[in-house]
Structures are given as C-alpha cells and as structure tokens.
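As numbered in full-length UniProt numbering, residues 1 to 235 make up the sequence shown, in order. Report on one structure; see the data block that follows.
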Amino acid sequence: MPHLLRRPQDLAKIQFHDIPTPPIPPNPNSRYPSHLKPVAEAALSRQTAPKFTRLVVVHDPWMSHVVQDIAQIHNAESYQSVCFSAFSSIAYQCEMLGLPFPLPHPTPLPAFNMSDGAKKFASLQAESYELRSGTICNTSKSIEAAYIEVIEKSELSKNKLAWKICPNSRSQSHIIADEFHHECLQWLDKQKPGSVIFVSFGNTVTLSDEETIELAQELMQSGVKFLLVLRDADK
C-alpha cells in the first residue's frame with residue numbers, strides 16, 4: 001500500500017494471522033483442491049475483529065462464499081488475492097460472463113478447460129464474490145500495465161479497490177548479485193527479450209505424470225525456448 005511505504009513505522013502495527021487449512025487428502029478423486037473449504041474463517045474473524053481497529057481478510061477468489069460474513073463486521077474488509085496473471089483473470093471473467101476480451105489480441109483465446117465440478121464450485125462464489133472490498137493482484141505494471149488498468153477500472157466502477165503486489169524485481173531497481181540467481185534465471189538473463197515462454201501449472205490444478213511428460217515433449221518439439229514450472233496444487 002503506497003501510504004505505508006511513506007511511513008515505514010506503520011508496518012510494525014500490522015499483525016498477520018494465518019488461518020489453518022485442512023491437510024491435503026492422500027488420494028483425492030478430484031485434482032481441484034476442494035478440501036480447502038474451511039468452515040471456521042467467519043468464526044475466527046468474529047473472534048479477532050473486536051481486538052483490532054481494522055481487520056482485513058485476504059482470501060482466494062474461490063473461497064468467497066466462506067468469508068461472505070466479513071461484510072457484516074463493521075471494522076472488517078475482505079480482499080480476494082488473485083494468484084494468476086491479470087491477463088488470465090480478465091480472460092476467465094469474460095468467458096464466464098460471455099463478454100468479448102476488452103483489449104486487442106492477435107489470436108483467438110482458447111476456452112478454459114474446467115471440470116463440471118469446478119464450474120459448479122465457481123458458480124457457488126458468484127453472489128458472495130461481490131461482497132469483497134477489492135482485489136489484490138500478483139502482478140506488476142512493468143509486465144501487465146494494460147491488463148491491470150482494465151481491472152482497476154472494473155473495480156472502481158463497483159466502488160472497490162485494486163492493489164498490485166509482486167516480489168521486487170530488477171525493473172524496480174532491486175539489483176541482485178548474479179551469484180544469488182537461480183541457474184534458470186541466469187540462463188534467462190542471456191536470452192533475447194520475448195524469446196522465452198513461461199509455462200506454469202500447480203496454482204489450482206496438478207498434472208498427472210503422463211500429462212507432464214506429454215507437455216514437456218510438445219514444448220521441446222516446438223523449438224521454442226521455455227521455462228516449465230510444476231508443483232502439486234496448494235502445497
């Protein structure tokens with residue numbers, strides 16, 4: 001938040017409270033993290049709110065229905081934290097609402113591949129989604145300026161706030177010595193601008209071993225330089 005950067009002493013006044021989540025099932029039937037449907041968040045907020053002047057709950061967009069009661073607490077606000085790109089966020093919302101993509105794009109955008117269960121779970125958030133105070137985007141204007149502007153205008157039209165929060169980067173004059181760079185970043189620094197694609201899975205969906213191998217083979221056969229990042233969802 002910009003005003004906190006001007007008054008660093010205020011950072012000490014912020015207290016963070018992690019909300020515990022249930023363990024990941026060893027053999028889930030669905031690759032979507034449906035186990036993350038905690039029922040105690042609202043109760044925890046009511047216990048915490050009286051102790052502080054201001055309470056801010058940061059949550060995943062797909063947990064909107066869990067924190068909907070936050071809107072009824074006079075000193076509390078809830079902000080959805082969008083972990084994927086601003087571009088993906090806009091594309092998803094346009095597809096769900098049947099709207100055209102608001103910015104020029106050279107090729108048609110592919111549809112989001114979601115299971116029926118995931119679509120049903122997403123629709124459950126629709127009414128509660130509008131109770132949020134705003135959105136926190138994991139992005140930077142140096143990367144997604146045009147798309148961030150679309151989100152900011154959309155949130156402002158609903159009397160909501162939009163924040164951009166991302167790790168420090170070289171574009172923000174935060175220079176890191178090369179010896180502390182991961183080998184992937186050292187390799188990336190040597191490539192021409194716009195010559196490498198970044199492929200990431202694991203924020204929501206975990207790929208099977210077979211899917212991972214097929215994806216890697218297709219990327220290698222494409223002849224395009226790439227960085228492939230994989231992890232188990234929500235680990």
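The beta carbon of each residue, even a glycine, is placed where N, CA and C say it ideally should be. Since this is a predicted model, take the numbers as computed values, not measurements.
Residue i classed as buried or exposed, judged by whether at least 16 other C-beta atoms fall within 10 angstroms
| i | result |
| --- | --- |
| residue 208 | exposed |
| residue 275 | Examination of residue 275 is not possible in this model, given that the chain is present from 1 through 235 alone. |
| residue 196 | exposed |
| residue 63 | buried |
| residue 16 | exposed |
| residue 165 | exposed |
| residue 213 | exposed |
| residue 14 | exposed |
| residue 162 | buried |
| residue 221 | exposed |
| residue 68 | buried |
Nearest residue (CA-CA) to residue i, options the options
| i | options | result |
| --- | --- | --- |
| residue 137 | 58, 128 and 223 | 58 |
| residue 187 | 154, 227, 202 and 151 | 227 |
| residue 87 | 125, 210, 141 and 189 | 141 |
| residue 113 | 92, 66 and 99 | 92 |
| residue 225 | 116, 214, 231 and 191 | 191 |
| residue 73 | 160, 89, 50 and 90 | 50 |
| residue 90 | 65, 144 and 213 | 144 |
| residue 65 | 149, 84, 125 and 48 | 125 |
| residue 108 | 157, 162, 95 and 139 | 95 |
| residue 75 | 134, 48, 115 and 194 | 48 |
| residue 159 | 194, 134, 231 and 185 | 134 |
Cutoff 7 Å; reference residue i; Cβ partners in own chain excluding five residues on either side
| i | result |
| --- | --- |
| residue 56 | 77 and 79 |
| residue 189 | none |
| residue 139 | 85, 86, 148, 164 and 166 |
| residue 223 | none |
| residue 152 | 162 |
Beta-carbon contacts of residue i that lie in its chain and below 8 Å, excluding the five residues immediately before and after
| i | result |
| --- | --- |
| residue 182 | none |
| residue 229 | 198, 199, 200, 201 and 202 |
Collapsed DSSP secondary structure at residue i in the structure displayed
| i | result |
| --- | --- |
| residue 124 | coil |
| residue 77 | strand |
| residue 205 | coil |
| residue 184 | helix |
| residue 165 | coil |
| residue 94 | helix |
| residue 192 | coil |
| residue 143 | helix |
| residue 150 | helix |
| residue 160 | coil |
| residue 213 | helix |
Other residues of its chain near residue i: CB distance less than 6 Å, five sequence neighbours each side excluded
| i | result |
| --- | --- |
| residue 71 | 131 |
Practice task
Could you say if the segment 103 to 113 and the segment 123 to 130 meet the contact criterion of at least three C-beta pairs nearer than 8 Å?
Solution key: no
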